[in-house]
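Under this note's numbering, the first residue of the sequence shown is numbered 7, with each subsequent residue one higher.
Backbone N, C-alpha and C define an ideal beta-carbon position, used for all residues, glycine too.
Data block below; observations after.
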Amino acid sequence: MTDPRDAVDDLRRIAFLLERAHESTYRVRAFRTAAAVLRGKDVDELIALARSGELVRLRGVGEVTARCVAESVAGEVPVYLRRLEATEGSSLDEAASELRAALRGDLHSHTDASDGGSPLREMVDTARELGHEYLVITDHSPRLTVANGLSAERLRAQIEQIGELNAELADDGFRVLTGIEVDILDDGALDQDEDLLAELDVVVASVHSTLRMPADEMTERMLTAVANPNVDVLGHCTGRMVTGKRKRPESEFDADAVFGACAEYGVAVEVNSRPERLDPPKRLLRLAVEAGCEFTIDTDAHAPGQLDWLDYGVTRAVACGVPTERVINTWPVERVLGRR
């Protein structure tokens with residue numbers, strides 16, 4: 007008789023692969039919800055529920071997820087999972103594979119505290135499973151209300167939550183870093199208390215509003231933010247969207263001036279790996295390399311499976327000649343923290 011598989015792990019793996027493939031949120035949610043409902047139930051209980059047909063009577067478990075569970079507890083790889091794994095993308099070329107292997111962590115990720123789809127612990131568990139040594143949690147700042155941005159009070163609560171999680175993981179060799187994706191306001195100021203920003207491990211500063219601002223004004227706005235001593239990373243610098251329903255052109259600014267300032271003030275330029283962003287465009291990424299900038303290759307993940315999108319950024323970085331030694335998330339965590 008074949009031993010039962012871990013049905014919850016199989017559901018999480020399906021959700022992960024769906025997220026990585028950028029499938030619809032409702033489809034991903036079905037598997038993550040079912041995994042949450044069934045977590046903690048022992049295998050004998052799951053077998054009994056599957057045999058009796060009672061799985062679908064549990065709130066949050068549908069026919070498709072119930073079928074996957076039944077296949078798992080029968081010792082079979084669920085058909086749904088087999089199909090997803092059979093259609094995974096091809097491997098990176100050698101140079102990109104070497105850079106991907108050098109990455110130790112991800113400096114830009116979101117949880118359900120703002121506009122992400124999963125709680126802190128699920129994001130962290132996935133990062134550990136991917137072999138990361140650290141993950142920076144960078145939920146949005148308060149004025150981005152559409153993304154449920156964190157007030158100072160909510161951010162402080164998250165810092166405490168991260169501290170408790172790090173204490174739990176102390177012997178695991180993994181570190182969760184505190185952070186924020188802070189809005190760059192129209193005048194270049196940052197959308198959070200400066201004293202609080204100074205307490206964080208990593209601050210990613212991004213433009214999310216008034217993206218069609220005239221080029222000279224946008225340049226001044228970005229230069230002001232880059233000069234702020236609390237900023238570590240300039241996030242998705244052009245704000246463009248290249249796929250999907252939200253297609254959006256690049257913001258216009260003096261790239262030579264902005265990247266020159268990033269190099270001067272030690273602010274890393276983010277290579278954003280989200281497939282709909284792929285920001286900065288390659289011509290600007292090459293300019294940033296020539297300017298002597300440091301870089302981060304980040305996923306900007308809003309769901310656990312998206313933490314495996316680093317390949318997209320790595321491929322672009324290699325194509326544009328980004329030196330591995332200038333990618334700060336190839337560094338050990340203590341060196342990353344030492345930049346502040």
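Sorting Arg332, Ala294, Ile303, Arg280 by C-alpha distance to the C-alpha of Arg26 places Arg280 at the top. Our two residues, Gly319 and Leu313, have alpha carbons roughly 12 Å apart in a direct line. The alpha-carbon of Val273 is positioned some 12 Å away from that of Met228.
The alpha-carbon of Gly111 is positioned some 44 Å away from that of Ser58. For Gly272, the secondary structure class from DSSP, reduced to helix, strand or coil, is coil. The continuous alpha helix (DSSP H) containing Asp16 extends over residues 13 to 26.
Taking a C-beta distance under 8 Å as the contact criterion, Asp145 and Leu156 qualify as a contact pair. Residue state for Gly266 is assigned as helix, using DSSP reduced to three classes. Between the C-alpha atoms of Pro10 and Leu150 there is a straight-line separation of about 46 Å. In the three-state reduction of the DSSP assignment, Ala307 falls in the strand class. Residue Thr71 holds the alpha-carbon nearest to the alpha-carbon of Leu87 among Thr71, Leu217, Val67. Here DSSP, grouped into helix, strand and coil, assigns Asn278 to strand.
Distance check between Val237 and each of Met224, Asp262, Pro286, Gly185 places Gly185 closest, using alpha-carbon atoms only.
The shortest CA-to-CA distance from Arg89 to any of Leu23, Ser212, Ser124 is the one to Leu23. Non-local beta-carbon contacts of Phe265 in its own chain, meaning distances under 7 Å to residues more than five positions away in sequence, involve Val275, Leu293, Ala294, Ala297, Cys299 in chain order.
Here Thr184 carries a strand assignment [DSSP, helix/strand/coil]. By the 16-neighbour rule on beta-carbons within 10 angstroms, Pro220 is exposed. Taking the Cα of Ala263 as reference, the smallest distance to any Cα among Ser212, Glu223, Leu284, Val248 is reached at Glu223. With respect to the 8 Å criterion, Asp285 and Arg246 are classified as neighbours on the basis of their beta carbons. Val209: member of the beta strand (DSSP E) spanning 208 to 212, first to last residue. DSSP places Leu191 outside any alpha helix (DSSP H), giving it a letter other than H or E.
One Cα belongs to Ala133, the other to Glu226, and the distance between them is close to 36 Å. Taking C-beta atoms as the reference points, His116 and Ala307 count as a pair closer than 8 Å. Distance from Asp16 to Ser78 at the Cβ level is roughly 5 Å; contact confirmed, criterion being Cβ atoms closer than 8 Å.
Contact annotation: Val210 and Val239 have beta-carbon atoms nearer than 8 Å.
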